[in-house]
Structure formats: structure tokens, C-alpha cells
Amino acid sequence: MQVWDILRAIEWALADRELPAHGLSLYGKSEMGVIALYAALLDERVRQVIVHEPPGSHRQGPALLNILRITDIAEAAGAFAPRRLVALTELPESFDYTRQVYERLGVSEQLAHAASLAEALHIWKYPRR
1 MQVWDILRAI
11 EWALADRELP
21 AHGLSLYGKS
31 EMGVIALYAA
41 LLDERVRQVI
51 VHEPPGSHRQ
61 GPALLNILRI
71 TDIAEAAGAF
81 APRRLVALTE
91 LPESFDYTRQ
101 VYERLGVSEQ
111 LAHAASLAEA
121 LHIWKYPRR
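Below is the structure:
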């Protein structure tokens, strides 16, 4: 349900606010970072996901019915390539799989680390109003 909520929020923001669809980013802390990642996998307009302290596996959360029969978080993060995935904290060891996917696709720079949300969003590039 939370993935659907994010997808609907994207639709609302782009329709009602007349925002440009390019450069859309999602941010989530802990389990919500994973939920944001799944939403981004379903919407190509999301160019970047920023995660903060994501769990290493669905065994730690979020609990999604039968998800471990199909995939785990690091594999889902790998499926997000070649789009940009930014971590604000050190990624769990399980994300080594994700790193390998990004490297094999030749986009290892798209799996990045940032010291802050502002750095991840490159807010200094936007003009002040």
C-alpha cells in the first residue's frame, strides 16, 4: 500500500503542481527507503533514490508478503540501475551485489554516497527564487 501511495503522490505532484518530470528524486529513511526504491522501480520518471540507513534484507524489514521468495533488497536495488542510487550512510554488506550490478553495467558512479540530503540533491545547482 505504501508503494501505491508514493506512486499516487508522484502523479499528484506532477499533475497539480505542473512540475517537470525530469530529475525526480525519492528519499526514504530505513524501511521507507526500501519502499521508495520499489516505487521508483515502477515509475521510470524517478531518476534518483536516496536512502538513509536501509536494512540489508527484508528479514530486517520492511515486511512484504512472500517477497523473499522472489527477491531481496540488494537485488531490487540492482534492478534500479542504471538510475542513480545515493546512500547517506554506509550501505549494508548485502549491497555488494548491487555494486557488482552497477559495475557490470558500467555505471558505478551512479551508485553514490553523499554526506547529506542537500549534497545528494545538488541543491546548489538550483536558482534561488
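All residue numbers for the sequence shown refer to the numbering used here, where the first residue is 1 and numbers rise by one. Using N, Cα and C, we set each Cβ at its ideal position, and we do this for glycine too. Predicted, not measured: the structure shown is a model, and the values here were computed from it.
The alpha-carbon of Y102 is positioned some 25 Å away from that of L64.
For the beta strand (DSSP E) assignment, the uninterrupted runs of no fewer than 3 residues enclosed by the stretch 72-112 are, from N- to C-terminal side, 84-87.
DSSP, read as helix, strand or coil, puts Q60 in coil.
If you check the CB distance, Q2 and I50 do not come in under 7 Å. By DSSP's assignment, I50 forms a beta bridge with Y27 and V86. Residue burial annotation: E31 is buried, with at least 16 other C-beta atoms found within 10 angstroms of its C-beta. Non-local beta-carbon contacts of D43 in its own chain, meaning distances under 7 Å to residues more than five positions away in sequence, involve L7 and I10 in chain order.
Looking at R84, R69 and E18, the one whose alpha-carbon comes closest to that of L41 is R84.
With a 10 Å radius around the Cβ and a threshold of 16 neighbouring Cβ atoms, Q48 comes out buried. Shown here, D16 sits in a helix according to DSSP, grouped into three states. Spanning the alpha carbons of E90 and A15 requires a straight line of approximately 35 Å.
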